[in-house]
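>
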Amino acid sequence: MPNQGLSVNLATVRQQWNLGEAVAACARHGIRAVDPWRDQVAGYGLADSAKVIRDHGMTVTGYCRGGMFPSADRDGRLAAIDDNRRALDEAATLGAQCLVLVVGGLPPGSRDLAGAREMVAEGMAAVLPHARAVGVPLAIEPLHPMYAGDRACVNTLGQALDLCDRLGPDVGVAIDAYHVWWDPDLAAQIARAGRDKRILAYHICDWLVPTRDLLLDRGMMGDGVIDLPAIGQMIENAGYAGFHEVEIFSAENWWKRPGDEVLATCLERFATVC
1 MPNQGLSVNL ATVRQQWNLG EAVAACARHG IRAVDPWRDQ VAGYGLADSA
51 KVIRDHGMTV TGYCRGGMFP SADRDGRLAA IDDNRRALDE AATLGAQCLV
101 LVVGGLPPGS RDLAGAREMV AEGMAAVLPH ARAVGVPLAI EPLHPMYAGD
151 RACVNTLGQA LDLCDRLGPD VGVAIDAYHV WWDPDLAAQI ARAGRDKRIL
201 AYHICDWLVP TRDLLLDRGM MGDGVIDLPA IGQMIENAGY AGFHEVEIFS
251 AENWWKRPGD EVLATCLERF ATVC
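The numbering of the sequence shown is full-length UniProt numbering, which starts it at 1 and goes up by one.
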C-alpha cells in the first residue's frame, strides 16, 4: 500500500508536539490522515483543532476515545453516557470517521465480568441514537485480555462483533493488531467483520518480546513478533480499504526520539513491513 494509506494516531507523538504541531509535522511528511485524542484536542482547543486539521487537508480516521461505561453506581453510568455524547459532538466537529471506544473494565471492587459487559452494551445502546444523529459511528476496540480488569472487558474481535450484532447499524470495530494478534480465531472473525461491513478502523504497531510495560512499551512495526503482513492481508481480503493507523505508546523509546524521526520511521516501516 502506498504511503498515502498511512494514518498516524497522534498518541504516537504526544510527547513531542501539541496537536497543531503534530498535524503540521504529519503534513510535512506527506501523511494525510490522523487520529487525535480528546486530551490533545482539549489542550489545543476544539475549534482550533478542527481548523488546523481542515487547513492541512487531513482525513480524521478516528477519535480517541469514548467508552469507559461500567461504573459501581447509576450516577457513574449516566455520567459516562453523557461524556460519550460530548465525545461524539467533538468527533463530529473534527469530521472523524468514527469514535473509538475503549469500553471500560470492572468497576472498583467488582469481580462481575459478565455484569461489566452488560453495562457496556447498555451504555452503548444509550448513546447510539446520538451517534446516529451526529453521523459518527461507534467503533468498539477489543483490547488484549490483560486489560479486562481496568480498561476493556471486551477482549476478542468475536465478542466485539457479537455486540455489534446486538446493537445494529452504525456500530463497528476498530481492529488493533497489538490487541488481537494472539487470537486463534482471528482470521475467521476478521472475515466475519468484513462480511458484515463492520471494520471501521485498523491500527498497527508491534508486540515486543520482552515487553517491559504492558501499556507503554509498544513496538514500531517490524520490531516485534506480530505477523503484520498476514493480518493486513486478512483485513484487505475482508474488504477494508481504509487507512492503516499507527498507534504506538512507547515511554522509554519512541516518545523520547525526535518527532520527525518517529514519523519518518513510521513511513519507512509501513512501506517495507506492513
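Note that CB positions come from ideal geometry on N, CA and C, so glycine has one too.
Return the Cβ separation of Pro210 and His179 in integer angstroms, given the expectation that the two are a contact with Cβ distance under 8 Å.
Within the sequence shown, numbered from 1, the residue matching residue 210 stands at position 210. Within the sequence shown, numbered from 1, the residue matching residue 179 stands at position 179. With 8 Å as the limit, Pro210 and His179 do not qualify as a contact, their Cβ atoms being about 18 Å apart.
> Any contact between the segment 19–26 and the segment 75–84? By contact I mean 3 or more CB pairs, one from each, below 8 Å.
Per the Cβ contact rule, the segment 19–26 is not in contact with the segment 75–84 (fewer than 3 Cβ pairs under 8 Å).
> Within the continuous alpha helix (DSSP H) that includes Glu236, where are the two ends?
Against the sequence shown, residue 236 aligns to sequence position 236. Taken as a continuous stretch (DSSP letters only), the alpha helix (DSSP H) holding Glu236 covers 228–237.
> Please confirm whether Arg86 and Arg65 have their CB atoms less than 9 Å apart.
Numbered from 1 along the sequence shown, position 86 holds the residue referred to as residue 86. Numbered from 1 along the sequence shown, position 65 holds the residue referred to as residue 65. No, they are not a contact pair.
> Using three-state DSSP, classify Thr265 as helix, strand or coil.
Residue mapping note: residue 265 aligns to position 265 of the sequence shown, counting from 1. Helix at Thr265.
> Within a Cβ cutoff of 8 Å, which residues of the same chain sit near Leu88, ignoring the five residues on either side of it in sequence?
Here residue 88 is taken as the residue at index 88 of the sequence shown, counted from 1. Here the set comprises Gly66, Leu99, Val127, His130, Ala131, Val134, Val136.
> When the distance is taken between beta carbons, is Gly57 closer than 9 Å to Leu19?
If you number the sequence shown from 1, residue 19 lands on position 19. If you number the sequence shown from 1, residue 57 lands on position 57. Not a contact, by the Cβ cut-off of 9 Å.
> Give me the Cα-Cα distance between Gln16 and Gly259, rounded to the nearest whole angstrom.
Taking the sequence shown and counting its residues from 1, one reaches residue 16 at position 16. Taking the sequence shown and counting its residues from 1, one reaches residue 259 at position 259. Distance between the alpha carbons of Gln16 and Gly259 is about 6 Å.
> Between the segment 186–196 and the segment 213–222, do at least 3 Cβ pairs fall closer than 8 Å?
With a cut-off of 8 Å, the segment 213–222 and the segment 186–196 do not count as touching, because too few Cβ pairs lie within range.
> Enumerate in chain order the residues of its own chain whose CB-to-CB distance from Asp170 is below 8 Å, with the five nearest sequence positions on each side excluded.
In the sequence shown, residue 170 corresponds to position 170, counting from 1. Residues Leu128, Ala131, Arg132, Pro137, Leu138 of the same chain have their beta carbon placed closer than 8 Å to that of Asp170, with the five preceding and five following residues left out of the count.
> Going along the chain, which residues of its own chain have a beta-carbon closer than 8 Å to the beta-carbon of Ala72, five neighbours each way excluded?
Against the sequence shown, residue 72 aligns to sequence position 72. Closer than 8 Å at the Cβ level, and outside the excluded window around Ala72, lie Pro107, Pro108, Gly109, Ser110.
> For Asp35, count neighbouring Cβ atoms within 10 angstroms of its own Cβ and tell me buried if that reaches 16, exposed if not.
Start at 1 with the first residue of the sequence shown, and residue 35 comes out as number 35. It is buried - the Cβ of Asp35 has at least 16 other Cβ atoms within 10 Å.
> State the Cα-Cα distance for the pair Thr61 and Ala114, rounded to the nearest angstrom.
Locating residue 61 in the sequence shown gives position 61, where the first residue counts as 1. Locating residue 114 in the sequence shown gives position 114, where the first residue counts as 1. Each residue's Cα considered, the two are about 31 Å apart.
> Just curious, the alpha helix (DSSP H) that His144 is in, first and last residue?
Numbered from 1 along the sequence shown, position 144 holds the residue referred to as residue 144. Neither: His144 is in no alpha helix (DSSP H) and is coded neither H nor E.
> Please name the residue, chosen from Gly239, Val246, Val120, that lies closest to Leu10 on a Cα-to-Cα basis.
Stepping through the sequence shown from its first residue, residue 10 is reached at position 10. The residue with the shortest Cα to Cα distance from Leu10 is Val246.
> Answer yes or no: does any C-beta atom of chain B fall closer than 9 Å to that of Asp73?
No chain B appears in this structure, which consists of one protein chain only.
> For Cys26, report the span of its alpha helix (DSSP H) as first-last.
Residue 26 sits at position 26 when you count from the first residue of the sequence shown. 19–28 is the extent of the alpha helix (DSSP H) around Cys26.
> Under DSSP, the beta strand (DSSP E) around Asp48 begins and ends at which residues?
In the sequence shown, counting from the first residue as 1, residue 48 sits at position 48. DSSP places Asp48 in no beta strand (DSSP E) but in the uninterrupted alpha helix (DSSP H) bounded by 46–55.
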